[in-house]
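According to my numbering, the sequence shown is numbered sequentially starting from 19. Built from N, CA and C at the ideal position, the CB exists for glycine as well.
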Amino acid sequence: MIGALETAVIAAGKEILSVRAKGATVMVKSDHSPVTEADRRAEQLILDFLAKTYPDVPVVAEELAEAGLCPSYAQDTFFLVDALDGTGDFIAGRNEFTVNVALVRDHAPVAGIVYAPALGRIWSGFNDHAEVADVSVDGAISNRRRIHTRASPERPVALVSVTHKEPETQAWLKRLPEHETAHVGSSLKFCLLAEGRADVYPRLVCLKQWDIAAGDAVLRAAGGATLTLEGVPLRYGVEGADFGCSRFIGWGRAPGA
19 MIGALETAVI AAGKEILSVR AKGATVMVKS DHSPVTEADR RAEQLILDFL
69 AKTYPDVPVV AEELAEAGLC PSYAQDTFFL VDALDGTGDF IAGRNEFTVN
119 VALVRDHAPV AGIVYAPALG RIWSGFNDHA EVADVSVDGA ISNRRRIHTR
169 ASPERPVALV SVTHKEPETQ AWLKRLPEHE TAHVGSSLKF CLLAEGRADV
219 YPRLVCLKQW DIAAGDAVLR AAGGATLTLE GVPLRYGVEG ADFGCSRFIG
269 WGRAPGA
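Laid out in structure tokens, this is it:
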């Protein structure tokens, strides 16, 4: 499955870069967030691939949900898709945007792919095995290597969003012992934790589950954890959540682990 999903997200990444090269028109969705042709074309490519390759597995995707074509919740096994996470970074001309596909089973992300097409890097996670690899301009994967989270150093690195600076998150960081702060876009924050290049990622505002599921799958497979403020693993596809997610902390190594 990981190999098949890699093929799909790399194709979607090519579509996104093609739109960027021509200049993307920005539109506004009902929740006032931006969307571009790149979001929609990349998502449709992934949806077509999943429908052909895994026809019996339901799919929840960002633009599909915007169109009212997703259920309010899903159980058992389903895919979560965010074909262009970091649309604001994409619009601003930055390279920190990603293509994300996750498989959720029994409320947990058990497999995930995060691809950063403008950076030429792809991350994957399945069970207890996480990897990062390089991707060439023609889509060839090379230099694949296994990754792990690290034990928290004396001066941990905390990751925060480039474009979103919520007061709640800033207040949480002020209570963290002495640390460094780095600003990173999109689901790349999970990937840096998984690679052992950072230690904690607090997000104290509600996001959608498709924003984080793939990165969370990579992080968990690398030895990390994504926990609620109560200290329990974040759950996906819970009835009544409308695919929103609780406030969470992503940890390279959870406290006490």
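For the pair Arg238 and Ser170, the CB atoms are not nearer than the 8 Å cut-off. Gly214 and His197 have their C-alpha atoms roughly 15 Å apart. When DSSP states are grouped into helix, strand and coil, Phe261 belongs to the coil group. Around the C-beta of Leu98, 16 or more other C-beta atoms lie within 10 Å, and the residue is accordingly described as buried. The alpha-carbon of Val180 is positioned some 12 Å away from that of Arg221. Where Gly21 is concerned, the enclosing alpha helix (DSSP H) starts and stops at 20-40. Short of 8 Å from the beta carbon of Thr43, and not among the five residues preceding or following it, lie these beta carbons of its own chain, in chain order: Thr54, Glu55.
Apart from sequence neighbours up to five positions away, the residues of its chain that approach Glu84 with a beta-carbon distance below 6 Å are Lys47, ordered along the chain.
For Ile140, the enclosing beta strand (DSSP E) has its first and last residue at 139-144. Nearest in C-alpha terms to Glu24, of all of Asp49, Ala216, Ile140, is Ile140. No Cβ-Cβ contact shorter than 8 Å links Ala232 with Ser264. By the criterion of a C-beta distance shorter than 8 Å, Met45 is surrounded in its chain by Pro52, Val53, Thr54, once the five residues flanking it on both sides are discounted.
The shortest CA-to-CA distance from Gly143 to any of Val78, Asp229, His166 is the one to His166. DSSP places Val236 in the uninterrupted alpha helix (DSSP H) bounded by 227-239. When beta bridges are read from the DSSP output, Asp217 appears opposite no residue. With a contact defined as Cβ atoms closer than 8 Å, Gly242 and Trp269 qualify at about 6 Å. Look at Ala69 here: in three-state DSSP terms it is helix.
In this structure, the straight-line span from the alpha carbon of Lys70 to that of Leu194 is close to 47 Å. DSSP places Ile109 inside the alpha helix (DSSP H), whose first and last residues are 105-109. In the three-state DSSP reduction, Ala134 falls in the strand class (E or B). Assigned with DSSP and collapsed to three states, Arg163 falls in strand. Proximity to Val75 across Val132, Asn161, Arg123 peaks at Arg123, based on C-alpha coordinates.
The beta-bridge partner set that DSSP reports for Thr54 consists of Val44.
In the three-state reduction of the DSSP assignment, Pro273 falls in the coil class, being assigned neither a helical nor a strand state.
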